[in-house]
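In case it helps, mature numbering (1 follows the signal peptide of the UniProt record, and there is no 0) puts the sequence shown at residues -18 to -1, 1 to 442.
Ideal Cβ placement from N, Cα and C applies to all residues, glycine included.
Report on the structure given below.
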Amino acid sequence: MAPTLAAVLPYLLALATAQKIGTAIPEVHPKLATQFCTTAGGCVTRQTSLVTDALSRPFHAVGHPEVPCSPLNQTLCPDAATCAQNCELEGVSYGSIGVLTSGSALTMRQYLFNGDEFASVSPRVYLLAEDGENYEMLKLVNQELTYDVDVSQLGCGMNGALYLSEMDASGSRSDLNPAGATYGTGYCDAQCFNVTFINGLPNLNNSGSCCNELDIWEANSMANVFTPHTCGGVGSFLCAGDECGRAGVCDKDGCGLNPFRSGSKDFYGPGKTVDTSKPFTVVTQFLTADNTSTGALSEIRRLYIQGNRLIENAPASAAEKDPGTITQDFCTAANASSFLRLGGLEGMGASMARGMVLIFSIWNSDGDFMNWLDTGSSGPCSETAGDPKLIVADNPEVSVTFSNIRWGEIGSTFNASAPGTSSAFIKGNAQAAMSAAGGPRIVSGVVWAAVGVVLGYLLC
């Protein structure tokens, strides 16, 4: 028979220096190699790893895994200090939550078979620095982020996401939260969710956890969107009441660019220009007004590579021919009022300059079936195709794979044939060099150096 809370409580109260990190399940972070790239030195591999969110872990009475801790339990968690004394955070077996890594590849599954049925696990993981104790902080102003992705197993209603949030590097580690980033604490985003624990502490005041959020990739095989969301605060902060709402301290809707919504219905999907039945590469560039890392963010640009062929993004509207990018003018035309009110691209760039945490997730939604992503004006899926009950019945093996994740100077993370040329490479900040030399800043949406030498880095 399991001990009752009354039997366990005297033992807990006697522990003046209670252990905060459990030992029932060892925490072994899955390794995921990433790369940082420069035009001069190429790409250098970093021995980074992943950690799952603290809310997906067992959190229980010290020494008693069978007694869960919760802010609703006023005996164990009447206040933050007592809760920290009485409760401990456990490790997890990453295979049991649908997370598998191999070298530089991460595969996440939505469902796992538990012996009776396929159960939802919906993992969310964060990139840890090489020390394994703090988050890797990406500072992508005047840089680019590139990765390969396979969404072929993600149908309507699924969302395989890669995004950034301005979380604290330590996971908001403190005396009351010694686990910190090592155990995945400190999550925040622009939705300001009211969750049971914030920064490793019980959320006793119904607060929301807020910070700037940059959704670089939210997608399945039928539709995709990338969306910056700004907030009025710096770093991770709390909101209360109306502050957490749609007219509050963070922009919940964002300023997003979806090729299908923009009118390019044959651009992205199985057998289309970007053929989602096969893996492809996604490049996202964060350009500044003065082409420096201290300048104001002025444009977010998207490129794709498939079969060694570079594919420019679809136009931002049916009336335009140039590749679509996110700019202040685009967000104004899109009536992204909250995004603009809370700082717009310049505010987003300031957050990026301070550093943001890279996050991977896979999920679906009982509430709206992910209609905002892939239904109606956003994509070709029906309003009910994203029902999780239909998804698990039709394809319980749904998964997404991200691999070869690298970031660094503009033009340093990829090689690909440019449209209309047999061999052209972006090497170095060719944009800045050509612009300074009086040459064109954009050729077919990107600077393609069909020049004999571009900063001396051709074909290196």
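Item: According to the Cβ coordinates, are residue 180 and residue 220 closer than 8 Å?; Value: yes
Item: Comparing C-alpha positions only, which one of 389, 330 and 75 sits nearest to residue 212?; Value: 330
Item: Would you decide whether residue 216 is buried or exposed? Buried here means 16 or more other CB atoms lie within 10 Å of its CB.; Value: exposed
Item: Residue 333: which of 342, 119 and 348 sits nearest, CA to CA?; Value: 119
Item: With distance defined between alpha-carbon atoms, name the residue in 321, 230, 338 and 94 nearest to residue 210.; Value: 321
Item: Give the DSSP-derived three-state secondary structure of residue 129 in the structure shown.; Value: strand
Item: In chain order, which continuous runs of the beta strand (DSSP E) of length 3 or greater are located wholly inside the region 159 to 198?; Value: 190 to 192
Item: Which same chain residues, not among the five before or five after residue 140, have their C-beta less than 6 Å away from its C-beta?; Value: 202, 346 and 380
Item: What residue does the alpha helix (DSSP H) around residue 310 start on, and which one ends it?; Value: 310 to 315
Item: Contact between the region 41 to 57 and the region 142 to 152 is defined here as three or more beta-carbon pairs at a separation below 8 Å; is this criterion met?; Value: no
Item: Quick one: what does DSSP say residue 204 is sitting in, helix, strand or coil?; Value: coil
Item: What separation, rounded to the nearest whole angstrom, lies between the Cα atoms of residue 152 and residue 336?; Value: 14 Å
Item: In the structure shown, what three-state DSSP assignment does residue 361 receive?; Value: coil
Item: Would you grab the beta carbon distance between residue 387 and residue 86 for me? Rounded to a whole angstrom, and I think it's under 8 Å.; Value: 7 Å
Item: Thinking just about the alpha-carbon of each residue, which of 264, 265, 206 and 192 is nearest to the one in residue 231?; Value: 192
Item: With a 10 Å radius around its C-beta and 16 neighbouring C-beta atoms as the bar for buried, classify residue 370 as buried or exposed.; Value: buried
Item: On the DSSP bridge assignment, give the partners of residue 21 in chain order.; Value: In DSSP, residue 21 forms no bridge with anything.
Item: Checking 8 Å against the spacing of the C-beta atoms, do residue 72 and residue 6 come in under that value?; Value: yes
Item: Residue ranges of each beta strand (DSSP E) run of no fewer than 3 residues wholly in the region 326 to 392, ordered along the chain?; Value: 338 to 345 and 381 to 391
Item: Hey, quick one: how far does the beta strand (DSSP E) through residue 259 stretch, first residue to last?; Value: Unbroken run through residue 259: none, as it is neither H nor E.
Item: Between which two residues does the alpha helix (DSSP H) holding residue 65 run?; Value: 62 to 68
Item: So, does the region 245 to 264 touch the region 80 to 98, judging by three or more C-beta pairs under 8 Å?; Value: no
Item: Measure from the alpha carbon of residue 173 to the alpha carbon of each residue in 365, 130 and 226, then state which is nearest.; Value: 226
Item: With a 10 Å radius around its C-beta and 16 neighbouring C-beta atoms as the bar for buried, classify residue 188 as buried or exposed.; Value: exposed
Item: For residue 32 and residue 14, which I take to be in contact (beta-carbon distance under 8 Å), what is that distance rounded to the nearest angstrom?; Value: 5 Å
Item: Can you grab the Cα-Cα spacing for the pair residue 257 / residue 313, in whole Å?; Value: 28 Å
Item: Under three-state DSSP, which class holds residue 412?; Value: Residue placement at residue 412 cannot be trusted, given a pLDDT of 38 that sits under 50; the coordinates are not used to answer.
Item: How many angstroms separate the CA atom of residue 186 from the CA atom of residue 339?; Value: 26 Å
Item: Spell out the partners DSSP gives residue 294 in its beta bridges.; Value: 285
Item: For residue 325 and residue 318, I'd like the C-alpha separation in whole angstroms.; Value: 11 Å
Item: Here's a check: name, in chain order, each residue in its chain whose Cβ is nearer than 6 Å to the Cβ of residue 385, leaving out the five neighbours to either side.; Value: 86, 87 and 130
Item: By a C-beta neighbour count over all protein chains shown, 10 Å radius and 16 as the cutoff for buried, is residue 405 buried or exposed?; Value: Confidence at residue 405 is low in this model, with a pLDDT of 33, below 50, so its placement is unreliable and no value can be given for it.
Item: Report, in whole angstroms, the separation of the C-beta atoms of residue 306 and residue 295, which I expect to be a contact under 8 Å.; Value: 5 Å
Item: For the beta strand (DSSP E) containing residue 91, list its first residue and its last residue.; Value: 87 to 91
Item: Rounded to the nearest angstrom, what separates residue 223 and residue 229 at their Cα positions?; Value: 11 Å
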